[in-house]
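One structure below.
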Amino acid sequence: MKKIIIKYLNDSISDDELDRLKVWIQKPKNEQKFKEYVRINHELNGLNTKINTDKSFQHVLEQLHDTKGSSAGRLLNVLKYAAVFIGISLIGYGVYKGGTQNVYLPDVPQIVLQLEDGTTQIVEEGQSMVINNAAGQRVTQLNQQQLIYSSSDSAMTELRYNTLKVPYGKTFGLVLSDGTKVMLNAGSELKYPVHFIESENQRTVYLNGEAYFEVAKNEAHPFIVETHDMDIEVLGTTFNITSYTDDDKSYAVLVEGQVAAHNKLQAQSPLLMSPNQKVFFGQDELEIKAVSVDKYIAWVQGQLIFVDDSFAVIKNKLERKYNVTIKNNYKELNDVNITGTFKDESFDQVLKTFQTYIEFDYTIKNGVVTITEPK
1 MKKIIIKYLN
11 DSISDDELDR
21 LKVWIQKPKN
31 EQKFKEYVRI
41 NHELNGLNTK
51 INTDKSFQHV
61 LEQLHDTKGS
71 SAGRLLNVLK
81 YAAVFIGISL
91 IGYGVYKGGT
101 QNVYLPDVPQ
111 IVLQLEDGTT
121 QIVEEGQSMV
131 INNAAGQRVT
141 QLNQQQLIYS
151 SSDSAMTELR
161 YNTLKVPYGK
171 TFGLVLSDGT
181 KVMLNAGSEL
191 KYPVHFIESE
201 NQRTVYLNGE
211 AYFEVAKNEA
221 HPFIVETHDM
231 DIEVLGTTFN
241 ITSYTDDDKS
251 YAVLVEGQVA
261 AHNKLQAQSP
271 LLMSPNQKVF
281 FGQDELEIKA
291 VSVDKYIAWV
301 QGQLIFVDDS
311 FAVIKNKLER
321 KYNVTIKNNY
331 KELNDVNITG
341 TFKDESFDQV
351 LKTFQTYIEF
361 DYTIKNGVVT
371 ITEPK
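Number 213 in the UniProt record's numbering belongs to position 213 of the sequence shown; there are no gaps in the numbering.
Structure below.
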């Protein structure tokens, strides 16, 4: 579909391709993806155009959805509108050759599923399909925004693992074969059995990153989430665990139920958690404190909530949500504490909000955000 979008913007799309694009873009997720392609291109080139991208795209999308007068000739006028929009953004970046627009659409990071046989599959959001392994055997079902694993294969006698990798800028869900629901945050990776086996004493998954779990209850088979520095053991509960290897410390918050936290770095008795508690590393040992869990699980609803958090803490969360790299050359910013809630705001809007706390300058180019001392 990426090639068709490029043709769309270059006015070289055929009638058949245009029909395919019209059908494809009717799905909200595809519409958002189309908008994302162009917006990313706009942002990666570090432009400061005054164009209102939301209104411009809304105009294009409304006409694409319009089913009156289906001729490609009529709709190509709409395509020209979009192409002109991109052309304005790209002036001065050497993309005009002999008066012809060569529109560059950068690759959007993809969600990747590594199967038990070592093969990989790109997970296309918004699609519904069966995913098979190299031998043609059914592995899982893709249903729009989540993978669903079946519990029907009770004859399996050995554990076989899949690994789901979610890039920066995205979140994705899955339902494990025992019915446990998992939502993975941006920049996260989860390794898990295709099917849990009755002969195993426990259900174990391996996390690098952040995930929200609604664990199916099974007292005979505790559910274990292993990370690089701590394990969470549950029977049936809802909790969030954050354990990125590039973060300083891991932590977990409990929404409901009860869990036991195990320290993997040194000998320590397991800590039992109750709802609205957070387990985290103090010096070397795990500690527990009472918290409001809303802040920690807001990402599941697409939100970022900061409550008196320093920019040094916020930085990694912004990089994952917006798929950017932040270079902060203004060290005073690290010590500024920020409170705010963000959901649909663009990255530029978030930074402008931060500028109400402390003045700083920034540039965005090729996905790299450079923050400097104000002039």
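Cβ atoms here follow ideal geometry from the backbone N, Cα and C, with glycine treated the same way.
Asked	Found
Continuous beta strand (DSSP E) stretch holding L207: start and end	R203 to E214
Option nearest F347 by Cα separation, candidates V112, Q146, D16 and V369	V369
Assigned secondary structure, P270 (DSSP; H/G/I helix, E/B strand, else coil)	coil
Classification of S12 by the beta-carbon crowding that lies within 10 angstroms, buried from 16 upward	exposed
Cβ neighbours of Y362 in the same chain (closer than 8 angstroms, five flanking residues each side left out)	L351, V369, T370, I371 and T372
Alpha-carbon to alpha-carbon, K321 and L235	31 angstroms
Cβ-Cβ separation, N328 to N334 (assumed contact under 8 angstroms), whole Å	7 angstroms
Where G99 falls: helix, strand or coil (DSSP)	Residue placement at G99 cannot be trusted, given a pLDDT of 33 that sits under 50; the coordinates are not used to answer.
Inter-residue spacing [alpha-carbon to alpha-carbon] between E345 and I305	13 angstroms
Extent of the continuous alpha helix (DSSP H) run through Q349	F347 to F354
Limits of the beta strand (DSSP E) - the one that A134 falls within	Premise fails: A134 is in no beta strand (DSSP E) and is neither H nor E.
Whole-Å CB distance - Y244 paired with N208, under 8 angstroms assumed	7 angstroms
Selected residue, minimal CA-CA separation from A216, among H228, T238, E210 and M1	T238
Strand pairing of M183, partner residues [DSSP]	G173 and Y212
CB of V225 within 9 angstroms of CB of F172, strictly	no
Reference K343; option with closest CA among P222, Q303, I297 and F223	Q303
Closest by C-alpha distance to K278, when choosing among K249, L265, K264 and Q301	K249
Stretch-stretch touch, CB-based, cutoff 8 angstroms, three pairs: the stretch 194 to 205 with the stretch 173 to 183	yes
Opposing strand residues paired with S188 [DSSP bridges]	V166
Alpha carbon of E219 to alpha carbon of Q202, nearest angstrom	10 angstroms
Contact check, L254 vs D284, beta carbons under 9 angstroms	no
Contact check, L159 vs L190, beta carbons under 9 angstroms	no
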